[in-house]
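**Student:** Would you mind keeping the following structure in view while I ask a few things?
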Amino acid sequence: MPKYIIEREIPGAGDLTAEDLQQISMKSCEVLNKMGPKIQWLQSYVTDDKVYCVYIAPDEQTIRRHAEQGGFPANKVSEIKTVIDPTTAE
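Under numbering that gives the first Met the number 0, read the sequence shown as residues 0 to 89, first letter to last.
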């Protein structure tokens, strides 16, 4: 199944408290549970004004549906084609 990275523009994201992040995570999981096992949240990276989330889903529309139902922005959704790391150089 394809893997996607979602760019979410959230001003002040880096200042969110642990409680804020817990509430956001709980909402995301609630929506994911309703949508079923075809969409999975792997992890997210929080920066100053953006959150980058990695998901597995059958298509971009499923990702956008999750964002809409959860009330999350999904400013850019990109399918991950390949993953490289330092071992790629070997």
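For every residue, glycine included, the Cβ atom is placed at its ideal position computed from N, Cα and C.
In this text the structure is predicted, and so the values were computed from the model without any measurement.
1) Pick helix, strand or coil for residue 15, following the three-state DSSP scheme.
2) Under 7 Å Cβ to Cβ from residue 40, same chain only, skipping five residues before and after it: list those, please.
3) Bridge partners of residue 49, per DSSP?
4) Let me know if residue 56 comes out buried or exposed under the rule of 16 or more other beta-carbons within 10 Å of its beta-carbon.
5) Shortest alpha-carbon distance to residue 34 belongs to which of 14, 65, 12?
6) Compare the Cα-Cα distances from residue 91 to each of 4, 60, 87 and report the closest residue.
7) According to the Cβ coordinates, are residue 50 and residue 79 closer than 9 Å?
**Tutor:** In short, the structure shows the following:
1) Assigned with DSSP and collapsed to three states, residue 15 falls in coil, not helix or strand.
2) Cβ within range, chain order: 27, 31, 52, 54.
3) 8, per the DSSP bridge assignment.
4) Burial call: buried.
5) A check of alpha carbon separations from residue 34 across 14, 65, 12 identifies 65 as the nearest.
6) There is simply no residue 91 to check, as the chain begins at 0 and stops at 89 in what is shown.
7) Contact: no.
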